[in-house]
Amino acid sequence: MVVRKSLRWAFRVTDWNPDPTQWSQLASFVSTVEKERIQRFVFQRDAKSALIGRLLARRAVCESLSIPWNEIILERTERGRPFVPHCESFDFNVTHHGDWVLLAAESFPKFSSSSPPIIPRVGVDVMKLESRDRSPLDFVTIFKRQLSVREWDYVVGDRDYVLNRFYRIWCLKESYLKADGCGISRDLPSVDFCPKSVLNYDYNCSIVADTTVDLPETLKDTSWNFHEGFLDKDHCWAVCLNSEIVRFVDPENFQRVTIEDLVSDALSVNGIDKVDGVDFLDKDPCWAVCLNSEIVRFVDRENFKRVTIENYVNEIDGGGAWTAETSDFEQQLTIDLGSQMQISSIATQGRQYSSEFVMEYMISYGSNGLDFAYYRGFDGSPKVSPRVYGAGSWSAAGQDFYQKLFIKLSRVSVIKRIATRGDGRDDSYVKAFTLDYSVDGDQWVAFNEPGFGAKVSRSGLLFSRKSRVATFKGNTDSNSLYVNIFDPPIVAQWIRINPTRWQDRISMRLELYGCTYNPDPKAVGLDGVTYFERRVGEDRERYDRPIEFLSYDHPLLRDEIRFRFKTNEADGVILYGWGKQNDVLAVQLVDNRLFLNVGLGGRELTSLSVGSLLDDGIWHDVFISRDKRSVTLSVDRVVVSKSIQGNFQRLNIDFAWYVAGVPSKKRGLDTIRHFKGCLESLYINRHNFFTENPWRPDQAWLIVRESAQASVNSNSIGYDTEPAFVRHDKFMSDIRRQLCNEQQIVPVTFLTSESHVKLKGYEALESLSISFEFRTFEMEGTLVYHKFYSDGYVKLYLQEGYYVVDIVTKGSPGIITANNFLLPVNDGKWHHVELQIRKNKMVSDLDFRPVETVREMDIKTGAYYYFAGGMKGSKGFIGCMKSIVVDGNNQFPLKANPGEMKKSIEIDVDGSGPLTPFPVTCTLNEDEVYTTVERKTRGAIRFSEESGPERIHYPVEYDAGLDEMDLLIDRSVACEQHVAYTCKNGAPLFGQDS
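Given below as structure tokens:
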């Protein structure tokens, strides 16, 4: 029997935390189909809301239709809307969002046998007013396309209530869509709402019922009415009713119900299953408390009590305010909390109904009211409330693209975000800027945009492209605050900001947010002869507790690997995994680039590479992700992706893993050099390799040390056949300290053949020892020249791209030349040179391939060594040098400053890739390097009236093709194109003299 009912029920789901027993019992009150739908939810909060919604619906059917609980049948339409079959005079709708689950229901009995039945249609929606870590205006702008013009004007019409107005409109739209049963298939902007009355929790808590809606002609067969209100200050609701029933329904608020109200006389439908309660606890998030056994008998099992900041600090919304006696820097507000407590945040407001407020302040704290300590920022200085709110600002001296703001922090820090504002005193602000960062103030790194830097060449090979320099969004006025987040964070001590767009003049206030950089205490410094080995198969046989993330008893469909590294070496194996069925995962540095080779058991390997000049001694962040046959490699936010060849989807590394080296050449490796440098935060499938390995004899990785020797193979380093295996903690401590704390090696660049350095050595020694590294693309050039104290000299130089050594000594018959090095060295790679001379013997070593010369020689060293030139009539070296050692003494980083230089050269922007080299003009000075690409047609382009009276189209062709120009622009910090226009006997083009 249908009973006239109008139900408005609300259940606060966040206040309800069922235990497994209660959950199992409540789950038995719904049908098996409904329970299975609930079990598919991943999160507890969603499962709770879904179950409460089913219980609300069944209770409403019981009360409105007088159907016993265990006989209720609920079905769904094609679009998923629930209904009671064969009962058109009853309709209900359930919704949940935020803290609440709501039900609205209407039922109408037949008033007489001759009267037509009343068929109700009900829709309800509730929304929590939240902007999800965005400003309210930025958040609602995301949904602008879903609103009509009138609705958008209404939402942004009052900036203080943007979020309130947006969710009001959204609630109305959702309630209509649910009542109509069409879901989101409707064109949302065509459903145009027009609110008539103010609906604001702070203004009134009454129900509003005069909002109207304009619908397209195709939807006007049914008219609708709406009721709106607030449950609390954070949740608004809307109910949609068809017009046939409105005259019988009074606007009413929602009645709060409890679990006892819902299931007071409920009957089990499918039987109690305790597994349901266990499954509920397994959902995310869940909690666990660990107690020692001595206290368990005194502790009752209880759930967590939820508290909010409003329970403790609601005074900020009060009408009063603290006002200092005078306005100077000596004023202090002292607060006694009554007891010691941990304080995690502070909120401030200015004086209500006035323009008085504090823009900047410092905090000190203490435990006795007498002794206070300043709260300090991540740079160690007393923390000031963000200087972005201060009265002063930085204003550039000039108004051009070359103005830069340098910031030096007191120590190396992790910088996570930057907040900016304009000048505040006038309409001056920065609209956009780029940012560089540095650890030492000398070597700078541009912050690049994250994104995909891969491109497929015409030959089908995959090569890497650097991502563009990131342009950060600035401000839109001089007072509003804008925050940019660095993802991943920056590790630096120096920050350099270059404004690129501004209003009126370059002026800004800013604040950096972050913390002190603490290097990974488990970071490992590798010396180039040490690596780690673990035989996965032996884990199962020998160890009671194998390392699960490396011992693949079940091959994985997905993998994640991340780590940081820095090195001054161009080649080295970082990580290698090998399976018995030909599965391979190889991460290696080859020619300054990072390569990933992966195979899933087939014959083919899939190769990806990214980065360039990664041997710069700077930290680089690496992330590798594999999802079945899709793999992604990222280095410093430059990303490449590719599909893995073959038919398999699982990676089965079931034989061995190696870190920082391998014992011999392996499949998928292009080098066998051990990694030399620093590794930290190495995570394999979310497990930290260094912290989660218990360095114990029964479960340690083998730490293998091998001594390097010369090898006849020019492409590799040879090792002793009997390596030493080490298993103790002291050695691990030694190698962790070994290289990670060494001073960064900074190369010196020689820009011209005249630039050189003069270094002092020990005079009158009977032996000579020098070593250094260099790289260049030049065919000729003097590397080192040294005049002996006795007669003669030694000269190291390049001849037609090959390395040559000449020596003349007292008693020698003439020039002794060592030029039997077979490979050219002008390839842009780093090459290691070592020269040792003593009586009657010279050993010249190029890239660890020594050549011994035995002749009559007798030397006494001179006072000075000239690197990169310095000889009259001899061309100097153009390129880079580093790691210069003279007579056993390391030479500190040097700088060459030859002044401005211009040179026309040919460049190849993708190295050995498929793009064609092209001519450019390079201009070098102390601060900047400019690359100019000329047009193919030189000089001015002339046009006459015959060319056309209205429009002239002229294609501009450069010396480089479109692909080459595209990559050159990608790798540039800034790009300019100059266009000049002159007009003879005609009107100026831009309304002024040209």
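The C-terminal position of the sequence shown is numbered 974 in the numbering used here, with every residue numbered one higher than the one before it. Even for Gly, the Cβ is constructed at its ideal location relative to N, Cα and C.
Distances from the CA of R401 to each of A377, W482, A472, D422 were compared; the closest alpha carbon is that of W482. Residue range 859 to 866 is occupied by the beta strand (DSSP E) that includes C860. Taking C-beta atoms under 8 Å as the contact rule, D406 and D457 fail to qualify, at a distance of about 11 Å.
Closest in alpha carbon position to F754, among Y742, T729, S770, Y938, is T729.
DSSP lists I395 as the beta-bridge partner residues of G494. Y844 has its alpha-carbon roughly 6 Å from the corresponding atom of L739.
Here the region 609 to 622 does not lie against the region 650 to 670, with fewer than 3 beta-carbon pairs under 8 Å apart. By alpha-carbon distance to F545, the top candidate from S347, N464, K656, E513 is K656.
Under the criterion of beta carbons closer than 8 Å, L109 and C42 do not qualify as touching, at roughly 33 Å. Around the Cβ of L(-13), a 10 Å sphere holds 16 or more other Cβ atoms; the residue is buried. Of the other Cβ atoms in all chains shown, 16 or more fall within 10 Å of the Cβ of A84; this residue is therefore buried. Counting every other CB atom within 10 Å of its CB across the protein chains shown gives I323 a total below 16, marking it as exposed. Pairing L143 with L588, the inter-Cα distance amounts to about 46 Å.
Linking P830 to S824 through their CA atoms gives a straight-line distance of about 6 Å. A Cβ-Cβ separation of about 16 Å leaves G557 out of contact with T651 under the 8 Å criterion. Cβ-Cβ distances below 7 Å link V866 to L739, G741, I750, Y845 in the same chain, with the five nearest sequence neighbours on each side left out; the list follows chain order. Under the 10 Å beta carbon count, P479 is surrounded by 16 or more other beta carbons and is classified as buried.
Residue burial is scored here from C-beta neighbours: L31 has at least 16 other C-beta atoms within 10 angstroms and is therefore classed as buried.
By a beta-carbon distance limit of 8 Å, D838 contacts G791. Their separation comes to about 5 Å.
Our two residues, V567 and F413, have alpha carbons roughly 35 Å apart in a direct line.
For W558, the enclosing beta strand (DSSP E) begins and ends at 552 to 558. Judged by their CB atoms, A550 and N577 are not nearer to each other than the 8 Å cut-off.
With contacts defined by Cβ atoms closer than 8 Å, V136 and S44 do not form a contacting pair.
DSSP places G33 in the helix class (H, G or I) of the three-state scheme. Just so you know, the alpha carbons of T121 and I465 end up roughly 20 Å apart.
The bridge partners DSSP lists for V611 are R606, K622. Boundaries for I315: no alpha helix (DSSP H) harbours it, and the DSSP string shows neither H nor E there.
Per the coordinates, the alpha-carbon of S854 lies some 8 Å from the alpha-carbon of G761.
The beta carbon of P89 sits closer than 8 Å to those of M(-19), V(-18), V(-17), R(-16), S69, all from its chain and outside the five residues before and after it, given in chain order. Taken through DSSP and simplified to helix, strand or coil, Q483 comes out as strand. Approximately 4 Å separates the beta-carbon atoms of K840 and S770; this is inside 8 Å, confirming the contact. Assignment of A940 by DSSP, reduced to helix, strand and coil, places it in the coil class.
Apart from sequence neighbours up to five positions away, the residues of its chain that approach R609 with a beta-carbon distance below 6 Å are S623, I624, Q629, ordered along the chain.
Taken through DSSP and simplified to helix, strand or coil, N870 comes out as strand. Residue burial is scored here from C-beta neighbours: G856 has at least 16 other C-beta atoms within 10 angstroms and is therefore classed as buried.
If the five residues before and after K819 are omitted, its C-beta is found closer than 7 Å to the C-beta atoms of E746, M837, D838, all from its own chain and listed in chain order.
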